[in-house]
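Q:
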Amino acid sequence: MHDVARHAAIVTRIATAFDKYAPPVEYRRLGGTGLELSSVGLGCGNFGGIGSAPELFGRGEDEAEAFAIMDRAVAAGVNFFDTAASYGGGRSETWIGNWGSERGEPTLLSTKVFWSVTGDPADRGLSRDRIPRELDGSLARLRTERVDMYLTHEQDPETPIEETLQALDELVRAGKVGAIGVSNVNGEQLEEALATSERQGVASFGWVQNEYSLLRREAERDVLPLCAREGLGFTPFSPLCGGWLTGKYDRARPFPEGSRMTLRGEPYSDLVNERTFRGLDRFRAAAAERGVEPAELAIAWVLSHPQVTSVIVGPRRPEQLDAAVRAVDLRLSERERDELAELFA
């Protein structure tokens, strides 16, 4: 049970900010799914943990803080929450379910399947037996009979894509899932999955959820062109690249305590070099010239890609959503996007 008194105190602290909050986010169609998403989505990977890492279950935001973040998101016009069964060892889904039950706010729910809820390395994958069982667990934690969006969280080399898609198709036909998507996929894998769906006559992935930022541009190589060709949506995560594009990491100082680099820095270890820091110096200057925060400019760069439906942000505090919402109104031309990307060349 969440700490009601503590949550009330957090809400009171941010209540005055709601009145002067930035204009609401935009809404965009998610490929051919029929869903319309806010251009900013709430990533809930820090609720009760730091992503799916078992050693960090119980870290991250507590339930009262999660409630305050969800309240702030809805007040800003965000209409969908992104989570996964494994986030925080199930805490993320549970707290979203508790919040939805208490608030009654109409939000689109997106969750993912692959990793273990308990952290058991043997309990993972996308087999036909496992997917329905995992979905039932997610539905129970989310306190709902149906999720709007269901994604494969990782690629499963041990399960044929035909088997995975058949299992997902059955869930769509049963009314438990609205649309299916795929995360952490490369172009070859995506192309194979789309061809398999067409060949078998089963549900097809309607969008891709990959990492994408000024410091992580692999999606441009093959995934984004394929999404454009096939009419798929794209909902990138980590637009700030683990906090690197907020300006809080500096070559002259240790990484801040509690930051992603001190909690789970391995995915970003390749960025700890002079080339990155020089690029960040130039990027901070570019943001200052525009009179905006680095985080705002970084998110605007992602949102300005024509294939992006919605950018998923994972704020650690309610007020960190402000930059993402302001970024919606910061329009960047293709030339401006290229110039910003060149800062890190």
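Every number in this note's numbering is 815 more than the matching position in the sequence shown, counting from 1. Don't be surprised by glycine CBs; every beta carbon is placed ideally from N, CA and C. Note that the structure is a prediction, hence the values are computed from the model and not measured.
Measuring CA to CA, which of 1015, 929, 850, 897 is closest to residue 857?
A: Checked all of 1015, 929, 850, 897; the closest Cα to residue 857 is 897.
Q: May I ask which residues mark the beginning and end of the alpha helix (DSSP H) holding residue 882?
A: Looking at the DSSP string, the run of the alpha helix (DSSP H) that includes residue 882 is 878-890.
Q: Could you tell me which residues DSSP pairs with residue 966 in its beta bridges?
A: According to DSSP, residue 966 bridges with 927, 996.
Q: For residue 1147, which option in 1160, 1159, 1141, 1120 has the closest C-alpha, if you only look at C-alpha atoms?
A: Selected option, being the one with the closest Cα: 1120.
Q: Could you check what DSSP says for residue 1182 in three-state terms: helix, strand or coil?
A: The requested residue 1182 does not occur in the structure, where the chain is confined to residues 816 to 1160.
Q: Three-state secondary structure (DSSP) at residue 1092?
A: Looking at residue 1092 - three-state DSSP - the assignment turns out to be helix.
Q: Note down the Cα distance separating residue 883 from residue 1016, rounded to an integer number of angstroms.
A: Taking the straight line joining both Cα atoms gives about 43 Å.
Q: Per DSSP, what are the beta-bridge partners of residue 1128 in this structure?
A: DSSP lists 857 as partners of residue 1128.
Q: Kindly indicate which three-state DSSP category residue 945 falls into: helix, strand or coil?
A: Helix, per DSSP.
Q: If we count Cβ pairs, one from each stretch, closer than 8 Å, do we get three or more for the region 989-1003 versus the region 1037-1044?
A: Taking 8 Å as the limit for Cβ pairs, the verdict is that the region 1037-1044 does touch the region 989-1003.
Q: Looking at residue 967 and residue 959, is the spacing between their C-beta atoms short of 8 Å?
A: It is not a contact, given that the beta carbons lie outside the stated cut-off.
Q: Quick check on residue 838: buried or exposed, where buried means 16 or more other Cβ atoms within 10 Å of its Cβ?
A: For residue 838, the pLDDT reaches just 44, beneath the cut-off of 50, and the residue's location in the model is therefore unreliable, although a value from the coordinates is still provided. Classification for residue 838: exposed.
Q: If you follow the alpha helix (DSSP H) that residue 910 is part of, which residue opens it and which one closes it?
A: Start and end: 906-918.
Q: For residue 895, which residues does DSSP report across the bridge?
A: The partner list for residue 895 (beta bridge, DSSP) reads 923.
Q: Taking the alpha-carbon positions, what's the residue 1115 to residue 1154 distance?
A: For residue 1115 and residue 1154, the distance between alpha carbons rounds to 13 Å.
Q: Which term fits residue 805, buried or exposed, when burial requires 16 or more other beta carbons within 10 angstroms of its beta carbon?
A: No answer is possible for residue 805: the residues shown for the chain start at 816 and end at 1160.
Q: Count the other CB atoms, across all protein chains shown, that sit within 10 Å of the CB of residue 1088; report buried if there are 16 or more and exposed otherwise.
A: Looking at its Cβ environment, which holds fewer than 16 other Cβ atoms inside 10 Å, residue 1088 is exposed.
Q: Is DSSP giving residue 834 helix, strand or coil here?
A: Annotation note: pLDDT 42 at residue 834 (below 50); position unreliable, coordinate value reported separately. In this structure, residue 834 counts as helix in the three-state DSSP scheme.
Q: Which of the three DSSP states, helix, strand or coil, is assigned to residue 1098?
A: Residue state, collapsed to three classes: helix.
Q: Whose C-beta lies closer than 6 Å to the C-beta of residue 907 among residues of the same chain, with five residues either side of it excluded?
A: Excluding residues within five positions, the ones whose Cβ falls inside 6 Å are 859, 862, 863, 898.
Q: For residue 1033, which of 954, 1117, 971, 876 has the nearest alpha-carbon?
A: Among 954, 1117, 971, 876, the Cα nearest to that of residue 1033 belongs to 1117.
Q: Could you give the DSSP three-state label for residue 1181: helix, strand or coil?
A: Residue 1181 is absent from the structure shown; the chain starts at 816 and stops at 1160.
Q: May I ask which residues mark the beginning and end of the beta strand (DSSP E) holding residue 1023?
A: Where residue 1023 is concerned, the enclosing beta strand (DSSP E) stretches over 1022-1024.
Q: Can you tell me whether DSSP reads residue 822 as helix, strand or coil?
A: Here the model assigns residue 822 a pLDDT of 42, short of 50, so the residue's position is not dependable, and the following value carries that caveat. The answer is helix: DSSP assigns residue 822 an H, G or I state.
Q: Identify the continuous beta strand (DSSP E) that holds residue 843 and give its terminal residues.
A: Residue 843 -> beta strand (DSSP E) spans 842-844.
Q: Closer than 8 Å is the cut-off here; do at least three beta carbon pairs connect the region 1076-1091 with the region 1118-1138?
A: As far as the Cβ criterion goes, the region 1076-1091 does not touch the region 1118-1138, which means the pair count is below three.
Q: Skipping 5 residues on each side, what residues in its chain have a beta carbon closer than 6 Å to that of residue 1018?
A: These residues qualify, in order along the chain: 983, 984, 987, 995.
Q: Are the beta-carbon atoms of residue 909 and residue 956 separated by less than 8 Å?
A: Closer than 8 Å, so yes.
Q: Going by beta-carbon coordinates alone, are residue 1060 and residue 1113 separated by less than 8 Å?
A: The answer is yes: Cβ separation under 8 Å.
Q: Select from 867, 894, 925, 915 the residue whose C-alpha is nearest the C-alpha of residue 904.
A: The shortest Cα separation from residue 904 among 867, 894, 925, 915 belongs to 867.
Q: Looking only at its own chain, which residues have a Cβ that is under 8 Å from the Cβ of residue 946, when we skip the five neighbours before and after it?
A: If we look at residue 946 and ignore the five residues flanking it on each side, its Cβ neighbours are 928, 979, 982, 983, 986.
Q: In angstroms with no decimal places, state the Cα-to-Cα distance between residue 1092 and residue 939.
A: The alpha-carbon atoms of residue 1092 and residue 939 are separated by roughly 37 Å.
Q: Assuming residue 1047 and residue 1073 form a contact by the criterion Cβ under 8 Å, report the distance between their Cβ atoms to the nearest whole angstrom.
A: That pair is no contact at about 36 Å.
Q: Return the CA-CA distance between residue 851 and residue 878, expressed in angstroms with no decimal places.
A: Residue 851 and residue 878: Cα-Cα distance of roughly 28 Å.
Q: Pop quiz: residue 843 and residue 1125 are said to be a contact at Cβ under 8 Å. What is the actual Cβ separation, rounded to whole angstroms?
A: Between residue 1125 and residue 843 the Cβ distance is about 6 Å, and since that is below 8 Å, they are a contact.
Q: Please classify residue 852: does DSSP put it in a helix, a strand, or coil?
A: Correct three-state label for residue 852: strand.
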